[in-house]
Amino acid sequence: MSVSMPQKRYYRQRAHSNPMADHTFEYPVCPEDMDWSQLYPEFFSDHQSTKKAAQVEFADIGCGYGGLLVELSPLFPNQLILGLEIRVKVSDYVQDRIRSLRAAETGSYQNIACLRSNAMKYLPNFFSKGQGLVYTNTDVEEVHLWMVKHFSEHLLFTRVPDAELVDDVIISRLGTCTEEGKKVQRNGGKNYLAVFRRVEDQN
Amino acid sequence: MAALGACGEWLVSTYEKKLIAVHTKKSREPFVFDCSAAEQKPKDTEADNKSDGSEETGSDKILAFAISSSAKLVALTDDTKRLVLFRCEPSWQVISTRWVVRRCTSLVFTEAEDEVWAADKSGDVYSFSVVEPQKTGELKLGHLSMLLSMTLTPNDKYVITADRDEKIRVSHLRSPHNIQAFCLGHLEFVSSLLAPPGHPQWLLSGSGDGTMKLWEYESGRRLQSWDLKQLRDMPNSDTGKEKRSAVSRIAGSPGGHHVAVQCERVPSVQLFGMEQGTEERLVPSSRVTLPHCPLDLTFDPQGRLWVMLDSRETPFLMYTHTQDSWQCDSESPELKSVTEALRPHWEALQVSAGLESQFQHLYKANFDNMASYREKKQQRLQQQNEHGGKKKRGPGKGQQSNGDSKKAKKGNQSGSVPKASS
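From first to last, the protein sequence lines are chains Z and G.
Sequential numbering from 226 applies to the first sequence in the working numbering.
Sequential numbering from 10 applies to the second sequence in the working numbering.
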């Protein structure tokens with residue numbers, strides 16, 4: 226039975242959702258209790274037991290309609306990518322979209338999934354402490370400057386200079402494959418990018 | 010709101026708007042501090058021009074207090090957003106009155122006694138200098154949920170904060186932006202914390218889920234967990250009838266041998282002791298039944314357990330550990346002198362708040378946002394299947410513009426309605 230693609234018009238929801246309100250979310254008590262096999266069945270099936278247990282290595286915080294997840298999936302086929310989205314309809318759209326894509330192309334898109342959650346509050350429930358990179362992208366200059374200020378002032382992050390990002394496959398797609406990104410392109414807007422690396426505490 | 014603490018040879022209690030310190034050994038005049046008579050916030054023109062309601066008057070009720078490790082300093086915070094610092098030696102005296110930005114729920118002194126830290130209802134933690142008692146507070150760290158309890162670990166290495174979102178966060182005190190670990194395991198708000206004396210790696214936490222958990226806080230590893238309700242219940246009793254009761258206080262004896270746990274609206278105290286083995290373990294030892302529900306409890310420097318009750322006749326009870334049990338020492342001259350010294354102040358107060366729960370409003374009401382959405386979606390899909398045969402064009406990875414989809418919708422409707430009715 227084929228799974229038809231969801232249509233965005235049935236899943237529209239306004240862009241802002243109050244993250245401080247007590248919406249009910251499902252989240253594990255702690256990262257060790259999280260069952261990732263529900264989201265990435267192919268990576269946790271029996272014949273995979275000889276391989277190292279897969280871990281989510283990319284998180285798209287506020288993934289919207291899933292444009293970036295779908296774009297990155299074939300570029301990192303052996304790494305798990307998770308989208309977090311707080312809105313009811315939108316997260317459901319992404320889940321339906323992924324289901325439909327997986328059914329249409331066997332073996333593909335098994336490494337992407339979407340969870341409805343409040344990342345601000347519950348990120349520590351899903352993920353243990355790690356190192357890595359934070360990619361920020363916006364078309365609003367004020368937001369960009371605000372993010373740069375706070376990440377730069379944070380003693381555990383340093384900005385990755387543009388020169389180091391020349392060969393980065395992600396940044397070339399950040400501004401183009403999401404719904405918001407395409408809207409910015411259509412309107413002739415500008416994308417402001419900033420990448421930060423998590424560093425050790427100097428103390 | 011009531012609280013109890015031992016400050017050297019003084020027993021300090023707060024009730025409503027008053028802090029009352031009574032000497033346990035000598036018959037000295039109790040020290041009384043009434044927040045309703047305390048310093049008012051100086052009016053400044055900027056504040057007067059604000060119309061955002063931030064200048065609403067507080068009730069002066071004491072929300073939290075703390076005693077420093079040497080028992081030389083005490084701090085309290087009230088509903089009017091004051092932070093008052095006292096010295097206790099050679100006599101009780103106010104050192105300074107400062108102002109917090111938002112109402113606080115927890116106060117704690119550093120071991121070095123150079124700062125007092127305050128955790129507030131919006132999730133922020135500020136540190137206030139003791140050395141410079143007029144200096145304003147500095148923001149140290151923040152949670153995204155109301156903070157309910159806070160403690161520091163030995164040598165002021167870590168600050169541990171607990172919130173309404175079931176989270177316990179362990180952060181480096183001198184660089185609080187650096188989170189060492191989370192202790193995750195509680196299923197409801199975390200209402201009390203204790204870094205038990207004598208066990209430098211341990212943290213005890215109590216929650217609205219009715220359990221107490223023991224952690225190795227540096228790694229976030231959970232070591233043990235106890236369901237206080239199960240410890241209370243008789244084997245044959247009706248389980249499930251008792252309303253859920255949050256752990257409202259965890260106290261540790263100075264020697265590190267005993268822990269006392271209080272649950273709200275439960276007229277008993279659960280005691281725990283240390284069991285020696287290959288590894289030291291904490292085990293439930295005995296349960297002391299009380300004539301009334303307790304308001305708060307504390308161990309004094311001699312290891313005796315003082316319990317403050319919601320009762321005019323017996324505001325205090327005192328228990329000592331002899332052999333293997335806890336005995337109520339009702340004839341103790343110290344208990345008598347403390348009760349006598351407190352009586353005139355106690356009778357003046359309205360002793361009735363104990364019956365109300367201070368934690369019930371912290372349980373979250375669950376709104377299932379998904380349920381009604383899923384219902385509507387089911388209905389929509391069913392309708393689409395009924396009008397079936399006409400498969401909608403799948404747009405693939407790209408987008409369908411709004412204009413196209415609206416046209417398609419109209420087309421289908423006019424085509425399918427007569428079909429359905431025949």
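Backbone N, C-alpha and C fix where the C-beta goes; we use that ideal spot for every residue, glycine too.
Computed from a predicted model, the values in this text were never measured in an experiment.
DSSP state of residue 222 of chain G mapped onto helix, strand, coil: strand
Distance between beta carbons of residue 116 of chain G and residue 75 of chain G, contact taken as under 8 Å: 4 Å
Residue-level contact to chain Z via CB, residue 261 of chain G, 8 Å cutoff: no
Of the residues G:321, G:182, G:42, G:131, the one placed nearest residue 101 of chain G, counting alpha carbons only: G:42
Touching by the beta-carbon criterion (3+ pairs, under 8 Å), the region 249-267 of chain G and the region 20-27 of chain G: no
Residue 417 of chain G to residue 396 of chain G span [Cα, whole Å]: Unreliable placement is indicated for residue 417 of chain G, whose pLDDT of 35 sits below 50; the coordinate value is still reported in the next sentence. Cα to Cα, residue 417 of chain G sits roughly 14 Å from residue 396 of chain G.
Given 8 Å, three or more beta-carbon pairs between the region 338-348 of chain G and the region 25-44 of chain G: yes
Check whether residue 344 of chain Z and residue 323 of chain Z have beta carbons under 8 Å apart: no
Boundaries of the alpha helix (DSSP H) in which residue 211 of chain G is found, first to last residue: Segment 211-216 is the beta strand (DSSP E) holding residue 211 of chain G; no alpha helix (DSSP H) there.
Per-residue contacts from residue 254 of chain Z into chain G (C-beta, under 9 Å): 175, 193, 194, 195, 196
Straight-line gap, residue 421 of chain Z to residue 141 of chain G (C-alpha atoms, nearest Å): 37 Å
Residues that residue 249 of chain Z contacts on chain G, provided the C-beta gap is smaller than 7 Å: 375, 376, 377, 378
Outcome for residue 176 of chain G when other beta-carbon atoms lying within 10 angstroms are tallied against a minimum of 16: buried
Neighbouring residues, chain Z, relative to residue 372 of chain G (Cβ below 9 Å): Simply none; closest approach about 10 Å.
Residue 370 of chain G in three-state terms, based on DSSP: helix
Closest Cα partner of residue 83 of chain G within the set G:51, G:40, G:109, G:89: G:40
Distance CB(residue 214 of chain G)-CB(residue 186 of chain G) smaller than 8 Å: no
Backbone secondary structure at residue 129 of chain G - three-state DSSP: strand
When G:114, G:304, G:303, G:279 are compared against residue 292 of chain G, the one with the closest alpha-carbon: G:279
CB contact check: residue 389 of chain G to chain Z, cutoff 8 Å: yes
Assigned secondary structure, residue 267 of chain Z (DSSP; H/G/I helix, E/B strand, else coil): helix
Cβ-based neighbour list, residue 50 of chain G, same chain, cut-off 7 Å, excluding 5 preceding and 5 following: 108
Rounded separation between residue 357 of chain Z and residue 259 of chain Z - CA only: 21 Å
Cβ-heavy atom distance, residue 195 of chain G to the ligand SAM, below 7 Å: This structure lacks the ligand SAM, and indeed carries no ligand of any kind.
Residues bridged to residue 32 of chain G [DSSP beta-bridge criterion]: G:19
Proximity of residue 209 of chain G and residue 163 of chain G at Cβ, strictly below 8 Å: yes
Top-ranked residue by Cα proximity to residue 225 of chain G, from G:190, G:145, G:198: G:190
Chain-ordered neighbours of residue 358 of chain Z on chain G, where CB pairs are closer than 7 Å: Under the 7 Å cutoff, chain G gives no residues; its nearest Cβ is about 18 Å from residue 358 of chain Z.
Rounded straight-line distance, which links the Cα of residue 242 of chain Z to that of residue 320 of chain Z: 19 Å
8 Å contact criterion, which residue 124 of chain G and residue 138 of chain G should meet: CB distance rounded: 6 Å
Reduced DSSP secondary structure (H/G/I, E/B, other) of residue 343 of chain Z: coil
Pick from G:316, G:307, G:222, G:275 that is closest to residue 242 of chain G, judged by C-alpha positions: G:275
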